[in-house]
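*Asks:*
In this note's numbering, the protein residues as written are 1 to 111.
What follows is the structure in structure tokens.
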């Protein structure tokens, strides 16, 4: 199970850092903020998704999408509160999470 959490977290960071650069985030502290923000939200979302799928029998995709909504909101609020020069923190959270989630689905499909 640790493998699942580690791969998910590292893949999220590997995808969201380039997304941040493309979004125009250049402030070093704002870029570093991605690490603790994702450390707070990613393991919780992965754990809840696994719980919903394995214990309640919910299909993976609907469970994950329902969990992404509060993750996007929480991250947007954290970026707004702690970011120094983050343009449109909620929009960034939506774009970064949408990108990493979509790419994660693509990677799962291919492998």
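Using N, Cα and C, we set each Cβ at its ideal position, and we do this for glycine too.
According to DSSP, simplified to helix, strand and coil, what is residue 1?
*Replies:* Within the chain shown, numbered from 1, the residue matching residue 1 stands at position 1. Here residue 1 sits in coil by DSSP.
*Asks:* Using the beta-carbon count (16 or more within 10 Å), is residue 72 buried or exposed?
*Replies:* Position 72 of the chain shown, counting from 1, holds the residue named residue 72. Buried is the call here.
*Asks:* Within 10 angstroms of the Cβ of residue 37, are there 16 or more other Cβ atoms? Answer buried if so, exposed if not.
*Replies:* Translated into positions along the chain shown, residue 37 becomes position 37. With 16 or more Cβ atoms within 10 Å of its Cβ, residue 37 is classed as buried.
*Asks:* Report the CB separation of residue 55 from residue 8 in whole angstroms; it is logged as a contact under 8 Å.
*Replies:* Looking up residue 55 in the chain shown gives position 55. Looking up residue 8 in the chain shown gives position 8. Residue 55 to residue 8, Cβ: 18 Å. No contact.
*Asks:* Return yes when at least one heavy atom of the ligand MN lies under 7 Å from the C-beta of residue 108, else no.
*Replies:* The ligand MN is absent from the structure shown, which contains no ligands of any kind.
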